[in-house]
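Undergrad: For the sequence shown, the UniProt record's numbering begins at 1 and goes up steadily by one.
Where a beta carbon is used, it is the ideal one built from N, C-alpha and C, also for glycine.
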Amino acid sequence: MRNIVLIGFMGTGKSTVGKRLAQSLAWDFVDTDCVIGEVTSLSVTEIFRRHGETRFRSEERIVVARLSQQGQIVIATGGGTVVDSRNLEALSQNGIIINLHASMEAILSRIGHKNDRPLLKGTREAIEKLWTERQVCYAQADFTVDTSQKNIDEVVSEILARLGRMTDNNEFTRVSES
Numbered sequence: 001m002r003n004i005v006l007i008g009f010m011g012t013g014k015s016t017v018g019k020r021l022a023q024s025l026a027w028d029f030v031d032t033d034c035v036i037g038e039v040t041s042l043s044v045t046e047i048f049r050r051h052g053e054t055r056f057r058s059e060e061r062i063v064v065a066r067l068s069q070q071g072q073i074v075i076a077t078g079g080g081t082v083v084d085s086r087n088l089e090a091l092s093q094n095g096i097i098i099n100l101h102a103s104m105e106a107i108l109s110r111i112g113h114k115n116d117r118p119l120l121k122g123t124r125e126a127i128e129k130l131w132t133e134r135q136v137c138y139a140q141a142d143f144t145v146d147t148s149q150k151n152i153d154e155v156v157s158e159i160l161a162r163l164g165r166m167t168d169n170n171e172f173t174r175v176s177e178s
């Protein structure tokens, strides 16, 4: 069975939606940033601070390659994971890629002034620039769900409905109500 891979900018709901989606399908959930933290024994922020983005992206490629070989898992990726086309290619080989999109206003209200996001250390303009630059990468997804005005259950229901229309079997059947 294929994986479900959630991509998108930080604050779009990948981890939150991913957990609920996995629960609905009775699948495992994996957050790539958490796996990187477990493997390195460092938080994402610490990796960036001590070793820089290049080291983080290297660890990320290794984790993505490993997860891509598994099946029947919901994977929440980091916001920059698919900027590296090798990651997108690996994830696409055994997964359906879903872009969770949100407006800049929704993202800013969700992430607030969190200090645990290394690439958000700038002004609103810098964040908007990064968001805009990444849209071309996120557009490579099999489909996009806008999470700006939806709650978690609405997003999960939309994903399951769209997955059901994409496949002609019961690969993505909900096993429990959220």
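Would a C-beta distance cut-off of 9 Å place Val64 and Thr54 closer than the cut-off?
TA: The answer is no: Cβ separation not under 9 Å.
Undergrad: Could you have a look at Leu42 and say whether DSSP puts it in helix, strand or coil?
TA: Of the three classes helix, strand and coil, the one that applies to Leu42 here is coil, per DSSP.
Undergrad: Thinking C-alpha only, which one of Lys150, Ala90, Ile4, Arg165 is nearest Ile75?
TA: Checked all of Lys150, Ala90, Ile4, Arg165; the closest Cα to Ile75 is Ile4.
Undergrad: Which residues in the same chain have their Cβ closer than 7 Å to the Cβ of Ser86, if we skip the five residues on either side of it in sequence?
TA: It is Arg, not Ser, that sits at residue 86 in the sequence shown. Arg61, listed in sequence order.
Undergrad: DSSP three-state label for Asn3, please.
TA: Three-state result, Asn3: strand.
Undergrad: May I ask you to verify whether the segment 26–38 touches the segment 123–134, counting CB pairs closer than 8 Å and requiring at least 3?
TA: These segments do not touch.
Undergrad: Does Gly13 come out as helix, strand or coil in the three-state DSSP assignment?
TA: Three-state result, Gly13: coil.
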